[in-house]
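If you're matching them up, the sequences are chains A and B in order.
So the number in the working numbering is just where the residue sits in the first sequence, counting from 1, plus 5.
So the number in the working numbering is just where the residue sits in the second sequence, counting from 1, plus 2.
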Amino acid sequence: MMDKMIFGRFIPGDSFVHRLDPRSKLIFVFAFIIVVFLANNTPTYIVLLAFTLLVILMSRIKLYFLINGLKPIIILMVFTFLLHIFFTKEGPLIFEWKFIHIYEQGLRQGIYISIRFLVLVFVTSILTLTTSPISITDGMEVLLGPLKKFKLPVHELALMMSISLRFIPTLMDETDKIMKAQMARGSDITTGPIKDRIKAVVPLLVPLFVSAFKRAEDLATAMEVRGYRGGEGRTRYRQLKWSIEDTVALLSIVVITAILVYLRS
Amino acid sequence: MHEILSLNHVTFTYAPEEPTVKKAVEDVSFHVEEGEWIAIVGHNGSGKSTIARLISGLLFPQSGTVNVLGQTLSEENLWESRSQIGMVFQNPDNQFVGATVQDDVAFALENNGVPYEDMVERVHEALKQVKMDDFLNHEPQHLSGGQKQRVAIAGALALRPRLLILDEATSMLDPQGRQEVLSVVRDLREKTGLTVLSITHDLEEAVMADRLLFMNGGKKYAEGTPSEIFALGDQLIELGLDLPFAMKLTKLLQAESVQLQGENMTEEQLVNDLWTSNFKK
């Protein structure tokens, strides 16, 4: 199941979208989320959908792959669609069968909301699919930079995030090892009633926590010895480069906003 | 010759309020000259790792002084002295900070505010020195223990330190990884004359050093060249330290009245001694 989930996964590649600077991608997605709410009639929603398809096309990520990976979210989408159909009672009645009454406005709202949901999920997924977590962290650190004035520890937050990302596979391996060790001692996590299974997780979590704290301590020591003393006076090895493509990407958002403002009713 | 490091009558205890608790390090003095390879050996709890922590300024002694490059280590010059010392720890995973090999090597450089262009050059140079330059963009989970330790050494070298401390850096590695790391350190010493302080209980590693410091119960028990230390023989075994395998074999062979000349600390010496033994009859 986890293999199919693409939420938060990164697929390396060399498309136009992959090559964009994480900063421009983050601004793009953030602006897009706001712009989506400008759409309020059929033409505007068609424009949004077309634009999203264009973005997907340029990321060279297969649509089929995207839809397959976002199945759980699509179920949620269908659910909201049905809610709208059954509970919005405006406009002329277009379908009637026993207690089910479907009104035109309901159908319209249902479709609109679903499209809105779909484009939001697709575009944000494209961001995480085409940008490595570490680049997203870098981009966030720079973009949130101005908040340092308000005493927000931006550098520390970014470092925390990058270290967590770095240790995810390490801790996964560890979990696997501990699980096998406990299974070898006769612990059974996969069968039995849910209460027993939850109980069986405890001897898994305790050693995992202990070792995570040990790791954290070792890491802190190593970092200190290697001269880490906060963000002050630090230089960056991973450089971000703003290119003409990034400007183009951001301009496309401006253009789409203009079109939506013109078309909306 | 230049003195890189010296400890003068250093005493340290983890529980200063309780005088009855045995001190972790008691009245230890030694010095390291530039270009030397010195190894600190001793069994668990002999205080050898505490010494590494005292040198890197993670701990400060209750009495005595630690001098790095002629300066007494204190809160004020702590960071300056840390930029002169490269340290590699025991667990290969827990000291890997960066997301990829090159990010990790650059970590100490970033901390010290080295400009970008300079950093790129130093990262590549350091990785080449440990023969890991083909792995620039690899993630740590795809590296073996020995490779991770070599990256850790590169991370230390990138700072161009005067002293490299290996704090049981090979103890968690498989024999192959250990060989990789040790041969990298040996090459480095040949090419750059780097000063190395290794804390170890691996005897093959200890034999490679110029000078050995044998710790026991927080005190310096003996100091000398590897052959001087291992000449202590049974005394070492009583104190929980073994002899190198080649030496033990030599002793057993001598007991079986095979004519052997030296004490043969390494396998190579033993082999040479064996095949020439009949000539000398």
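Note that beta-carbon positions come from the ideal geometry of N, C-alpha and C, so glycine has one too.
Please read these numbers as outputs of a predicted model, since none were measured by experiment.
> Do you know how far the Cα of Asn266/B is from the Cα of Val30/B?
Replying inline: So the two alpha carbons sit approximately 30 Å from each other.
> Would a C-beta distance cut-off of 8 Å place Ile90/A and Ile107/A closer than the cut-off?
Replying inline: yes
>> Along the stretch 124-152 of chain A, where does the CB come closer than 7 Å to a CB of chain B? Name the residues.
In response: Listed in sequence order: Ile139.
> For the stretch 29-110 of chain A, which segments carrying the beta strand (DSSP E) assignment without a break, of at least 3 residues, lie completely within its bounds, in sequence order?
Replying inline: 98-102, 105-108
>> Cutting at 7 Å between CB atoms, please list the residues of its own chain near Tyr233/A, excluding the five before and the five after it.
In response: Correct list: empty, nothing qualifies.
> Nearest CA to the CA of Glu206/B: which residue from Leu60/B, Ser173/B, Ala108/B, Leu234/B?
Replying inline: Ser173/B
> Which partner residues does Arg213/B have in the DSSP bridge list?
Replying inline: In the DSSP output, where bridge partners are listed per residue, Arg213/B has Ile40/B.
> Do Ser65/B and Gln286/B come within 8 Å of each other at the CB atom, strictly closer than that value?
Replying inline: Outside the displayed range of chain B (3 to 283) lies residue 286/B, so it cannot be described from this structure.
> In chain A, which residues lie less than 8 Å from Gln143/B when you measure between Cβ atoms?
Replying inline: Pro174, Thr175, Asp178
> Among Val60/A, Ala163/A, Ser119/A, Ser167/A, which one has its Cα closest to the Cα of Ile78/A?
Replying inline: Of the candidates Val60/A, Ala163/A, Ser119/A, Ser167/A, Ser119/A places its Cα closest to the Cα of Ile78/A.
> For the stretch 199-231 of chain A, which residues have a beta carbon sitting closer than 9 Å to at least one beta carbon of chain B?
Replying inline: Lys219, Arg220, Ala221, Glu222, Asp223, Leu224, Thr226, Ala227, Met228, Glu229, Val230, Arg231
>> Within 10 Å of its beta-carbon, does Phe42/A have 16 or more other beta-carbons around it, so buried, or fewer, so exposed?
In response: exposed
> What residue from Leu7/B, Ser8/B, Lys25/B has the CA that sits closest to Thr15/B's CA?
Replying inline: Lys25/B is the residue among Leu7/B, Ser8/B, Lys25/B whose C-alpha sits nearest the C-alpha of Thr15/B.
>> Checking the sheet assignment: what are the DSSP bridge partners for Glu5/B?
In response: According to the DSSP secondary-structure assignment, Glu5/B is paired through a beta bridge with Glu35/B.
> For a contact meaning CB atoms closer than 7 Å, what does Arg243/A contact in chain B?
Replying inline: Asp105
> So with Cβ pairs under 8 Å, would you call Trp277/B a contact of chain A?
Replying inline: no
> Shorter than 8 Å from the beta carbon of Asp95/B to some beta carbon of chain A?
Replying inline: yes
> Hey, out of Leu112/A, Tyr117/A, Thr85/A, whose CA is closest to Val52/A's CA?
Replying inline: Tyr117/A
> Phe155/A to Asn113/B, Cα distance in whole Å?
Replying inline: 24 Å
> What first and last residue would you give for the alpha helix (DSSP H) that runs through Lys153/A?
Replying inline: Counting along the chain, Lys153/A falls outside any alpha helix (DSSP H), and DSSP gives it neither H nor E.
>> Counting only beta-carbon separations shorter than 8 Å, does Phe109/B have a partner in chain A?
In response: Chain A, which has a Cβ nearer than 8 Å to the Cβ of Phe109/B, makes this yes.
>> Checking the sheet assignment: what are the DSSP bridge partners for Gly235/A?
In response: None, per the DSSP bridge assignment.
> Does the beta carbon of Gly195/B come closer than 8 Å to any beta carbon on chain A?
Replying inline: no
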